[in-house]
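K.L.:
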Amino acid sequence: MAPSYAGMSGRPLSLTVSTIATMGFLLFGYDQGVMSGIISDNAFAKVFTATKDDATMQALVTAVYELGCLVGAIFALFFGDRTGRRWMIFSGAIVMIVGVIIQVTSFVGHIPLLQFFIGRVITGIGNGMNTSTIPTYQAECSKTSNRGLLICIEGGVIAIGTAIAYWIDFGAHYGPDDLVWRFPIAFQIFFGLIIIIGMFFLPDSPRYLISKDRIQEGEYVLAALAGREVHDHETQIQKQSVIESIRASGSAQKTRFRDLITGGRTQHFRRMLIGSSSQIFQQLGGCNAVIYYLPVLLKESLHQSNDMALLIGGINMIVYSLFATFSWFFIEKIGRRKLFLGGSFLQTISMVITFACLIPGDEQTSKGAVFGLFLYMAAFGAAWLPLPWLYPAELSPIKTRAKANAVSTCSNWLFNFTVVMITPVMVAHIGWGTYLLFAALNASFIPVIWLFYPETANRSLEEIDLIFTKGYVENISYVKAARELPKLIDDEIEAKAAEYAFASGDSLDEIEKAHAEHNAAQRLETTQ
Numbered sequence: 058m059a060p061s062y063a064g065m066s067g068r069p070l071s072l073t074v075s076t077i078a079t080m081g082f083l084l085f086g087y088d089q090g091v092m093s094g095i096i097s098d099n100a101f102a103k104v105f106t107a108t109k110d111d112a113t114m115q116a117l118v119t120a121v122y123e124l125g126c127l128v129g130a131i132f133a134l135f136f137g138d139r140t141g142r143r144w145m146i147f148s149g150a151i152v153m154i155v156g157v158i159i160q161v162t163s164f165v166g167h168i169p170l171l172q173f174f175i176g177r178v179i180t181g182i183g184n185g186m187n188t189s190t191i192p193t194y195q196a197e198c199s200k201t202s203n204r205g206l207l208i209c210i211e212g213g214v215i216a217i218g219t220a221i222a223y224w225i226d227f228g229a230h231y232g233p234d235d236l237v238w239r240f241p242i243a244f245q246i247f248f249g250l251i252i253i254i255g256m257f258f259l260p261d262s263p264r265y266l267i268s269k270d271r272i273q274e275g276e277y278v279l280a281a282l283a284g285r286e287v288h289d290h291e292t293q294i295q296k297q298s299v300i301e302s303i304r305a306s307g308s309a310q311k312t313r314f315r316d317l318i319t320g321g322r323t324q325h326f327r328r329m330l331i332g333s334s335s336q337i338f339q340q341l342g343g344c345n346a347v348i349y350y351l352p353v354l355l356k357e358s359l360h361q362s363n364d365m366a367l368l369i370g371g372i373n374m375i376v377y378s379l380f381a382t383f384s385w386f387f388i389e390k391i392g393r394r395k396l397f398l399g400g401s402f403l404q405t406i407s408m409v410i411t412f413a414c415l416i417p418g419d420e421q422t423s424k425g426a427v428f429g430l431f432l433y434m435a436a437f438g439a440a441w442l443p444l445p446w447l448y449p450a451e452l453s454p455i456k457t458r459a460k461a462n463a464v465s466t467c468s469n470w471l472f473n474f475t476v477v478m479i480t481p482v483m484v485a486h487i488g489w490g491t492y493l494l495f496a497a498l499n500a501s502f503i504p505v506i507w508l509f510y511p512e513t514a515n516r517s518l519e520e521i522d523l524i525f526t527k528g529y530v531e532n533i534s535y536v537k538a539a540r541e542l543p544k545l546i547d548d549e550i551e552a553k554a555a556e557y558a559f560a561s562g563d564s565l566d567e568i569e570k571a572h573a574e575h576n577a578a579q580r581l582e583t584t585q
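When we follow the numbering used here, the leftmost residue of the sequence shown carries the number 58, and every step to the right adds one.
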């Protein structure tokens, strides 16, 4: 009989793992969008008077959350491998709830803005812990065939969470003053409780357990997720493949920070750079300039009323949510590279439309800018929303996966904070030039993706290790290595790894020797 958790094994257990992981990103999306409809509301300004008609203070109240997320991601960077994936997510949800309670208990006469700031930071810390850990947890618990789908669903529900927040803001706007902002913020507790209850009963990642020499626990989880017996041949083959990958990457020893900047056979540093760049590009593309400030932009740039701005923003979030499901159906068919490239192209076009329609400054052409923002959110939801949460989690080997993914998430929150802080200032001072800048940035992503982002669709995590090993040993680009490496099954992965002197945990000297021999053979062919 297959082992079980909370009475579940196989597909039901896998779906539950995915549902709880997805709930973490739904909460993330909700918190991303909740301030947009609150920050400029008069009811909010009555309690937090310093924010009234002050773009810089509004930006600070919004962006301080990103600083908390950065701190949470750094915490995961230092302690993620010690606590494990499961307890990091569990703790992150508790921290978020504590932060929410601090925010909603802010009252006039008791330094409300300072208390709200502290609550925002604490909520951000919890979210940073979760967003650094959940993609890794999901990737390590998923099958090769649906890993991309499941993590893209996580990314997609960010949009759904944001849309829920927008519409709750819209409804609360017509209620009593205290309800206008306290209820939308307090509603996050509901999602947090689901995560806490779910993670209490679910297992930790099997790859994490095996990497910590808890092999029996790891194979138990592998069997439970697959719905097979522990001693089943397929379970043992999968366990052995994970062990070989761990041995090859040196994961049996404690992961040090300097391991993140190593090259050679495992290419830890380059893999971390590629993964982190996708998170940085996501933010520099201008997504949060639109998500956080769309109602404000509609009022200031397009001169809409507050009610109309909230309504248009809510409709835009519905469009955003619908297009966020695009990757769920096509991520493995189209692949990561094409989605990245197509998304960058459409985001560039969207920002060009937006800034071009704002140049005349009249109401009629400004409607074209609204279309540009709608098109941007559709393109972003389809590609750049989910992919940067998937790509870093699957690029890095198990030895550095937790730390490398935390670094990429830190990059996301650092640039998120920067964009959220400077957007209202840029809109106030350079107007349509803000969108011209974002258009140029989106266009600059295309050559980087084309040259450096290898395709990982339909590859096991162990095959992805081989892509980078092949690129290093044969001295070719990772993009070319991914194209040339055929699809492999578990037994073939071990054989291919042995071909590169990789799977048996050979010394770096042996790998360097293989690298040198390959280069020498290439030079000999050239001279002949």
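The beta-carbon is built from N, C-alpha and C at its ideal position, and this holds for glycine as well. Values in this document were obtained by computation on a predicted structure and should not be read as measured data.
Following the continuous alpha helix (DSSP H) through PHE244, name the residue where it begins and the one where it ends.
P.N.:
That residue, PHE244, is in no alpha helix (DSSP H); it is neither H nor E in DSSP.
K.L.:
Note down, in chain order, each residue of its chain lying with its Cβ closer than 6 Å to the Cβ of ILE337, except the 5 sequence neighbours on either side.
P.N.:
If we look at ILE337 and ignore the five residues flanking it on each side, its Cβ neighbours are SER468 and PHE472.
K.L.:
Can you list, in chain order, the residues of its chain with a C-beta nearer than 6 Å to that of SER71? Leave out the 5 residues immediately preceding and following it.
P.N.:
LEU282
K.L.:
With H, G and I counted as helix, E and B as strand and the rest as coil, what does DSSP make of MET65?
P.N.:
In this structure, MET65 counts as strand in the three-state DSSP scheme.
K.L.:
Give the straight-line distance between the Cα atoms of ASP83 and GLY249, rounded to the nearest whole angstrom.
P.N.:
Before going further, note that residue 83 is Leu rather than Asp in the sequence given. Roughly 10 Å separates the two Cα atoms.
K.L.:
Measuring straight from C-alpha to C-alpha, what distance separates ALA440 and GLY166?
P.N.:
46 Å
K.L.:
Mind pulling the alpha helix (DSSP H) runs of 4 or more residues that sit fully within the region 512 to 567?
P.N.:
Runs of the alpha helix (DSSP H) spanning 4 or more residues and lying entirely within the region 512 to 567 occur at 518 to 530, 535 to 541 and 547 to 556, in chain order.
K.L.:
Checking 8 Å against the spacing of the C-beta atoms, do ALA346 and PHE147 come in under that value?
P.N.:
no
K.L.:
Going by C-alpha to C-alpha distance, which of SER465, PHE105, LYS456 and ALA485 sits closest to ARG304?
P.N.:
LYS456
K.L.:
Do TYR377 and ALA222 have their C-beta atoms within less than 8 Å of each other?
P.N.:
In this structure, ALA222 does not lie closer than 8 Å to TYR377 by Cβ.
K.L.:
Quick one, are the C-beta atoms of GLY125 and GLY185 less than 8 Å apart?
P.N.:
Taking 8 Å as the Cβ cut-off, GLY125 and GLY185 qualify as a contacting pair.
K.L.:
Would you mind working out which of PHE244, ASP226, LEU117 and ALA538 sits nearest ILE524, comparing C-alpha positions?
P.N.:
The residue with the shortest Cα to Cα distance from ILE524 is ALA538.
K.L.:
Determine the DSSP secondary structure at SER362, reduced to helix, strand or coil.
P.N.:
Coil at SER362, not helix or strand.
K.L.:
Quick check: is any heavy atom of the ligand FMN less than 7 Å from the C-beta of LEU396?
P.N.:
Annotation note on the ligand FMN: not contained in the displayed structure, which lists no ligands.
K.L.:
Taking the C-alpha atoms as reference points, what is the distance between LEU493 and ILE406?
P.N.:
10 Å
K.L.:
If I measure Cβ to Cβ from GLY86 and keep anything under 7 Å in the same chain, skipping five residues before and after, which residues do I get?
P.N.:
VAL214, ILE215, ALA216, ILE217, GLY218 and THR219
K.L.:
Give the range of the alpha helix (DSSP H) segment to which GLY181 is assigned.
P.N.:
169 to 198
K.L.:
Kindly give me the distance between the Cβ atoms of MET434 and ASN373, rounded to whole angstroms, as I take these residues to be in contact under 8 Å.
P.N.:
6 Å
K.L.:
Buried or exposed for GLN195, please, with buried defined as at least 16 other CB atoms from any protein chain shown within 10 angstroms of its CB.
P.N.:
buried
K.L.:
May I ask you to report which of helix, strand or coil DSSP gives THR203?
P.N.:
First, the amino acid is wrong: residue 203 is Asn here, not Thr. In this structure, ASN203 counts as coil in the three-state DSSP scheme.
K.L.:
Using alpha carbons as the reference points, say which of THR466, ASP110 and TYR122 lies closest to ALA133.
P.N.:
Per the Cα distances, THR466.
K.L.:
Pairing CB atoms from the region 139 to 153 with CB atoms from the region 513 to 521, are three or more of them under 8 Å?
P.N.:
no
K.L.:
I'd like the list of long-range same chain contacts for PHE402, defined as Cβ closer than 7 Å, with 5 residues on each side in sequence excluded.
P.N.:
ILE503
K.L.:
How do the region 99 to 106 and the region 229 to 242 stand: do at least 3 beta-carbon pairs fall below 8 Å, yes or no?
P.N.:
yes
K.L.:
So, are the CB atoms of VAL287 and ILE267 less than 8 Å apart?
P.N.:
no
K.L.:
So, for THR382: in the same chain, excluding its five sequence neighbours on each side, which residues have a beta-carbon less than 6 Å away from its beta-carbon?
P.N.:
GLY213
K.L.:
Alpha carbon to alpha carbon, how far is GLU551 from ILE253?
P.N.:
Cα to Cα, GLU551 sits roughly 38 Å from ILE253.
K.L.:
How many angstroms separate the CA atom of SER517 from the CA atom of THR201?
P.N.:
5 Å
K.L.:
Taking the alpha-carbon of VAL91 as reference, which of GLY370, PHE326, GLU274 and GLN172 has the nearest alpha-carbon?
P.N.:
GLY370
K.L.:
Would you kindly report the start and end of the unbroken alpha helix (DSSP H) that includes GLY314?
P.N.:
The residue you asked about is not Gly; residue 314 is Phe in the sequence shown. Note, PHE314: premise wrong, no alpha helix (DSSP H); not H, not E.
K.L.:
Taking all protein chains shown into account, do 16 or more other C-beta atoms lie within 10 angstroms of the C-beta of THR422, making it buried, or fewer, making it exposed?
P.N.:
If you draw a 10 Å sphere on the C-beta of THR422, you find fewer than 16 other C-beta atoms in it, and that means exposed.
K.L.:
Nearest CA to the CA of GLY137: which residue from SER262, MET153, THR108 and ILE159?
P.N.:
SER262
K.L.:
By how many angstroms is the C-alpha of ASN99 removed from the C-alpha of LEU368?
P.N.:
Rounded to the nearest whole angstrom, the C-alpha separation of LEU368 and ASN99 is 17 Å.
K.L.:
Name the two residues that bound the continuous alpha helix (DSSP H) containing GLU286.
P.N.:
Note, GLU286: premise wrong, no alpha helix (DSSP H); not H, not E.
K.L.:
For TRP489, which three-state DSSP category applies?
P.N.:
The answer is coil: DSSP assigns TRP489 none of H, G, I, E or B.
K.L.:
According to the neighbour-count rule (16 or more other Cβ atoms, all chains shown, within 10 Å of its Cβ), is ILE77 buried or exposed?
P.N.:
buried
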